[in-house]
Structures are given as C-alpha cells and as structure tokens.
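**Q** Please read through the structure below; I'll follow up with questions.
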Amino acid sequence: MFQRRWTVPRQRRQGPQPRFRVGRQSKLSRVDSFGLVRCFVWLQRGKAQESRPECRNDTLRERLLTYWPTLGGSVMFRACLLCALLLVGLLSVGITAQPAGGPPLRLEQLEDKLYVLHGGCMCGNTLFYIADGGVVMVDTKVAGQGDAILGELRAVTDLPIVMIINTHTHFDHTGSNAEFGTIERMVAHENARASLTKTSCPAVTNCDAFKGDNAKYLPNVTFSDTRTLNVGTDRIDLHYFGPGHTDGDTWIVFPDIRVAMGGDLFGAKGVPFIDTDNGGSAIAYDDTIANAVAGLENVDTVISGHVEAYPWDDLVRYADFHARLERHVLAGLAAGKTPEQVTGEFTLPDSLTDFTFSEPFATNFVRLMYAEASAQ
Numbered sequence: 131m132f133q134r135r136w137t138v139p140r141q142r143r144q145g146p147q148p149r150f151r152v153g154r155q156s157k158l159s160r161v162d163s164f165g166l167v168r169c170f171v172w173l174q175r176g177k178a179q180e181s182r183p184e185c186r187n188d189t190l191r192e193r194l195l196t197y198w199p200t201l202g203g204s205v206m207f208r209a210c211l212l213c214a215l216l217l218v219g220l221l222s223v224g225i226t227a228q229p230a231g232g233p234p235l236r237l238e239q240l241e242d243k244l245y246v247l248h249g250g251c252m253c254g255n256t257l258f259y260i261a262d263g264g265v266v267m268v269d270t271k272v273a274g275q276g277d278a279i280l281g282e283l284r285a286v287t288d289l290p291i292v293m294i295i296n297t298h299t300h301f302d303h304t305g306s307n308a309e310f311g312t313i314e315r316m317v318a319h320e321n322a323r324a325s326l327t328k329t330s331c332p333a334v335t336n337c338d339a340f341k342g343d344n345a346k347y348l349p350n351v352t353f354s355d356t357r358t359l360n361v362g363t364d365r366i367d368l369h370y371f372g373p374g375h376t377d378g379d380t381w382i383v384f385p386d387i388r389v390a391m392g393g394d395l396f397g398a399k400g401v402p403f404i405d406t407d408n409g410g411s412a413i414a415y416d417d418t419i420a421n422a423v424a425g426l427e428n429v430d431t432v433i434s435g436h437v438e439a440y441p442w443d444d445l446v447r448y449a450d451f452h453a454r455l456e457r458h459v460l461a462g463l464a465a466g467k468t469p470e471q472v473t474g475e476f477t478l479p480d481s482l483t484d485f486t487f488s489e490p491f492a493t494n495f496v497r498l499m500y501a502e503a504s505a506q
C-alpha cells in the first residue's frame, strides 16, 4: 500500500564531518538575473517568448524550457525555478556553478530502508537505500551539493556509500558524483555513460564534469537491457525500456520493498522534456512508458526525478496519457493539421484531470512528434 512514513527531524546524528570540497560560489550579474526572471514570467504567461528581448538568447530559452516540465507544479516549484534561472545563466556564460539555492533539503522516509532527499537547487531527488552491505545512492543533484547530501545521510546511518546509480546523464542528477570520493560501483545505462564521455556537449549533458582527473568518476558498471545487482543480501534490479527523456533512462527497482525509481521519465503529470541531443524521443515515449508498465512487476510506489512519489496507478495513467496523446497527434498529422491545431484540440478525459497539457510545452512536444513521425 502506498503510504509515506515520516520526515526526518532536523536534529543530526553525530558523526564525522564531511570532508569533501566545496566549490567556489559564482555570481550572475543583476542584469542577466533580471532578464532570466522576466523571460520566465513571459513563459509562465504563455506569451510568444521568441518576441521578448529577454528570451531571444536561444541557449537560455532552451534551458528554461528544458527544466520547467520536470519540476512539476508542487509548492517547491517557484524556489526550484529561481535556482534554475540563476544556474542556467551561470552555465550560459561558461561558469561552473556551485549553487546553494533552491528549497531547503528535506529527508523523507518512504520505507524502512528507503529515504528520499527532496529540495536543493533544481529539486532533483536523491534516494538512499540502506542495504545491509552499505548505502546505495541514486542521483546526486547538481554540483556543489555533495557535503549537504552526505550530511543528510548521516542523520540516519553511518554506513559507507558503496554504490551510486544515475538515472540518466543530466547535470541535476550527476552533478555531485565526483564529490563523494572513490565509490566501488558507479552505475548507469551504457547510453548514459556514452553521453558523459562525449568530447563536447551542451551543459545539460554534464560531460565536462567527467574530464581529466574526474574521468575516474565515470560509471564503471553499465548494462543494456536488464541487470541485477546485489549489496549484501539486498537485491536491486535495473531496467531499460527504450528512449524517452534521453536514450539512457534507467528504471531502478527495489523488489524487497516494492519501490521503483524512473528519474525524469516520469518527472511530473504532464508533457515531458525530450532531450534530443542525448537520444530522447517524443514519438517513442508512448511505447517506453507502456513497456515500463508491462515490464515492472510487484511495484507499489514510483519515485519521480523531481517531485513527490506516486502510487503505481499513476504510472499506469501516465501511460494512458501518452497513448491518447500519440493517437491524437498522429491522427492530426495524417489529416494535414498543424501542430497548433492538434494541440488546441487535445482534451483529457475525467480519469486524467490531474494531468496537464499546457503551453509553452504542449505545442513544442507536438512539433517534435510531427518531426520524428515525418522522418520515419
């Protein structure tokens, strides 16, 4: 049964102080910051962002559009976006940011062995699985948050981190990998590792963080379709069901507690961001989510990459959302309709009223589906 347990209080267990480096804090100019905020406001109002001078920087606009759908519509949304605006600006001018913004970190216990660390810049979720052989950590938020993550972990256990699993390549999920020292097993899908080893890449991919001496922090355990890992007597199953958010999205299943984590493949109840630079696909999203529903067994709770955990039935309904959307879009394409017409005519049934299909992402997603379908 889907039921949250409790949130860890602020009192900290005494233990060794974090000894990992804290990066230099960088600052974004007031002009750039205000421009990003104004751009965000115009995006939020659904205006024609291309016509606004604040949004004419293609890189800034693209990254704002990138992270909006993955952050959901929770109370933390505004704080996440404020941090995202500043971080996007820093990255756009070639500065490696070490942000401390965003909502406060909040450690939530979902099961006896499982904790989810919410909050922080970009609000990417970090998961702690307390196995009998050590701690398995899933995703590491953005760069510069390693000390804070470790401090939260030490609130509940002194066991060492023996494995880090990354759900995909993006910098808000792999950002602090190098801040935990040498970990025995660093795990990711083979396509995610390939993205992290690119010679050059957009900032979202995070390949620059693994160059030079930091190459030793690249994933050293990969898989293609499925793989089972053991930590002591605890079992962890990894699954890949196809391209979607990227081409290297991993589903992580903890069968003993009936919990799965899918990263940003199920980032929120709405239109997802598709990272085409890293193999993501709008036209394949329907099949990939349907494959997950069919292939994952004995799961009660699904942990999102950015927002609160969902009951299993919400993933089933998410598959229905994408199936309906793809049928509608392909029918519109066959009828010669424009993406704007198709977007305006799409309606959700009563069973999906808690899902969103809204601008500025709806039309962008439909356009991408048109382009992919036409190229087949």
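Numbers given in my numbering equal positions in the sequence shown, counted from 1, plus 130.
Ideal Cβ positions, reconstructed from N, Cα and C, are used throughout, including at glycine.
Everything numeric in this text was worked out from a predicted model, so none of it was measured.
1. Is Gly305 closer than 9 Å to Asn336 when the C-beta atoms are compared?
2. Buried or exposed: where does Thr113 fall if 16 or more other Cβ atoms within 10 Å of its Cβ makes it buried?
3. Quick check: what's the CA-CA separation for Leu257 versus Ala390?
4. Examine the Cβ distances between the stretch 349-369 and the stretch 271-284 and report whether three or more of them are shorter than 8 Å.
5. Have a look at Leu240 and Gly462 and give me their C-alpha separation to the nearest angstrom.
6. Roughly how many whole angstroms lie between the Cα atoms of Gly202 and Asp386?
7. Are Ala422 and Ala398 closer than 9 Å when you measure CB to CB?
8. Taking Ile260 as the reference, which of Thr363, Cys253, Asp430, Phe301 has the closest Cα?
9. For my contact list, Glu282 and Leu247 are in at a C-beta cut-off of 8 Å; report their separation, rounded to the angstrom.
10. Mapping DSSP to helix, strand and coil, what is Thr352?
11. For Phe491 versus Phe384, is the C-beta distance shorter than 9 Å?
12. Could you tell me if Pro479 is buried or exposed, where buried requires 16 or more neighbouring beta carbons within 10 angstroms of its beta carbon?
13. Touching or not, the stretch 436-449 and the stretch 372-382, by the rule of three or more beta carbon pairs under 8 Å?
14. Just to confirm my understanding: we take Gly372, look at its own chain, exclude 5 residues before and 5 after, and list those with CB closer than 7 Å. What are they?
15. So what does Tyr440 bridge to, in DSSP terms?
16. For a test of the three-state rule: what should DSSP assign to Ile294, helix, strand or coil?
17. How close, in whole Å, do the beta carbons of Ile295 and Val268 come, if the pair is a contact with beta carbons under 8 Å?
18. Closest by CA to Asp444, which one among Leu368, Arg454, Ser481?
19. Can you find the residues in the same chain that come closer than 6 Å, C-beta to C-beta, to Thr473, ignoring five residues on each side of it along the sequence?
20. Give a yes or no on whether the C-beta atoms belonging to Val459 and Ala503 are separated by under 9 Å.
21. Tell whether a beta-carbon distance below 9 Å holds between Asp288 and Cys251.
22. With which residues is Asn360 paired in a DSSP beta bridge?
23. Excluding sequence positions up to five away, which residues of its chain have a Cβ less than 6 Å from the Cβ of Ser488?
24. So, using beta-carbon positions, are Val361 and Gly264 closer together than 9 Å?
25. Taking the CB atoms as reference points, tell me whether Thr312 and Lys346 lie closer together than 9 Å.
26. For Leu368 and Asp394, I'd like the C-alpha separation in whole angstroms.
27. On the premise that Arg315 lies in contact with Val292, defined as a C-beta separation below 8 Å, what is that separation, rounded to the nearest angstrom?
28. Assuming Pro332 and Asp430 form a contact by the criterion Cβ under 8 Å, report the distance between their Cβ atoms to the nearest whole angstrom.
29. Just the C-alpha distance for Val476 and Asp377, rounded to the nearest angstrom, thanks.
**A** Answer, in terms of the structure:
1. Position 206 of the sequence shown, counting from 1, holds the residue named residue 336. Position 175 of the sequence shown, counting from 1, holds the residue named residue 305. Contact: yes.
2. Only positions 131 to 506 of the chain appear in the structure, and residue 113 is not among them; the question remains open.
3. Position 127 of the sequence shown, counted from the first residue, corresponds to residue 257. Position 260 of the sequence shown, counted from the first residue, corresponds to residue 390. Each residue's alpha carbon lies about 11 Å from the other.
4. no
5. Looking up residue 240 in the sequence shown gives position 110. Looking up residue 462 in the sequence shown gives position 332. One C-alpha to the other measures close to 42 Å.
6. Taking the first residue of the sequence shown as position 1, residue 202 is located at position 72. Taking the first residue of the sequence shown as position 1, residue 386 is located at position 256. Low confidence applies to Gly202: its pLDDT is 49, below 50, so where it sits in the model is not reliable, and the reading given next is rough at best. Near 29 Å, if we compare the C-alpha coordinates of Asp386 and Gly202.
7. Along the sequence shown, one-based indexing puts residue 422 at 292. Along the sequence shown, one-based indexing puts residue 398 at 268. For Ala422 and Ala398, no; Cβs fall outside 9 Å.
8. Counted from its first residue, the sequence shown places residue 260 at position 130. Closest by alpha carbon: Thr363.
9. Looking up residue 282 in the sequence shown gives position 152. Looking up residue 247 in the sequence shown gives position 117. Between Leu247 and Glu282 the Cβ distance is about 5 Å, and since that is below 8 Å, they are a contact.
10. Looking up residue 352 in the sequence shown gives position 222. In this structure, Thr352 counts as strand in the three-state DSSP scheme.
11. Working through the sequence shown from its first residue, we reach residue 491 at position 361. Working through the sequence shown from its first residue, we reach residue 384 at position 254. Going by C-beta atoms, Phe491 is not nearer than 9 Å to Phe384.
12. Here residue 479 refers to the residue found at position 349 of the sequence shown. Its Cβ having fewer than 16 others within 10 Å, Pro479 is exposed.
13. no
14. Taking the sequence shown and counting its residues from 1, the one referred to as residue 372 is at position 242. Correct list, in chain order: Ala414, Asp417, Thr418, Asn421.
15. As a working note, residue 440 is residue 310 in the sequence shown. Paired residue(s): Val432.
16. Here residue 294 refers to the residue found at position 164 when the sequence shown is read from its first residue. Strand.
17. The residue labelled residue 295 in the question sits at position 165 within the sequence shown. The residue labelled residue 268 in the question sits at position 138 within the sequence shown. Yes, they are in contact, since the Cβ atoms of Ile295 and Val268 sit about 5 Å apart, within 8 Å.
18. In the sequence shown, counting from the first residue as 1, residue 444 sits at position 314. The candidate whose alpha carbon is nearest that of Asp444 is Ser481.
19. Along the sequence shown, one-based indexing puts residue 473 at 343. For Thr473, where only same-chain residues beyond five positions count, the Cβ hits under 6 Å are Ala492, Thr493, Val496.
20. Locating residue 459 in the sequence shown gives position 329, counting from the first residue. Locating residue 503 in the sequence shown gives position 373, counting from the first residue. A contact, by the Cβ cut-off of 9 Å.
21. Stepping through the sequence shown from its first residue, residue 288 is reached at position 158. Stepping through the sequence shown from its first residue, residue 251 is reached at position 121. Contact: no.
22. Your numbering for residue 360 matches position 230 in the sequence shown. The partner list for Asn360 (beta bridge, DSSP) reads Arg365.
23. Residue 488 sits at position 358 when you count from the first residue of the sequence shown. Counting only Cβ-Cβ distances below 6 Å, and skipping sequence neighbours, we find nothing.
24. For the purposes of this step, residue 361 is taken as the residue at position 231 of the sequence shown. For the purposes of this step, residue 264 is taken as the residue at position 134 of the sequence shown. Yes, they are a contact pair.
25. As a first step, residue 312 is located in the sequence shown; it is residue number 182 there, counting from the start. As a first step, residue 346 is located in the sequence shown; it is residue number 216 there, counting from the start. Yes, the Cβ-Cβ distance between Thr312 and Lys346 is below 9 Å.
26. Counting from one through the sequence shown, the residue named residue 368 turns up at place 238. Counting from one through the sequence shown, the residue named residue 394 turns up at place 264. If I take the Cα positions, the gap works out to 15 Å.
27. Stepping through the sequence shown from its first residue, residue 292 is reached at position 162. Stepping through the sequence shown from its first residue, residue 315 is reached at position 185. Between Arg315 and Val292 the Cβ distance is about 7 Å, and since that is below 8 Å, they are a contact.
28. For the purposes of this step, residue 332 is taken as the residue at position 202 of the sequence shown. For the purposes of this step, residue 430 is taken as the residue at position 300 of the sequence shown. With 8 Å as the limit, Pro332 and Asp430 do not qualify as a contact, their Cβ atoms being about 36 Å apart.
29. Numbered from its first residue, the sequence shown carries residue 476 at position 346. Numbered from its first residue, the sequence shown carries residue 377 at position 247. According to the sequence displayed, residue 476 carries Phe and not Val. Computed Cα separation, rounded: 27 Å.
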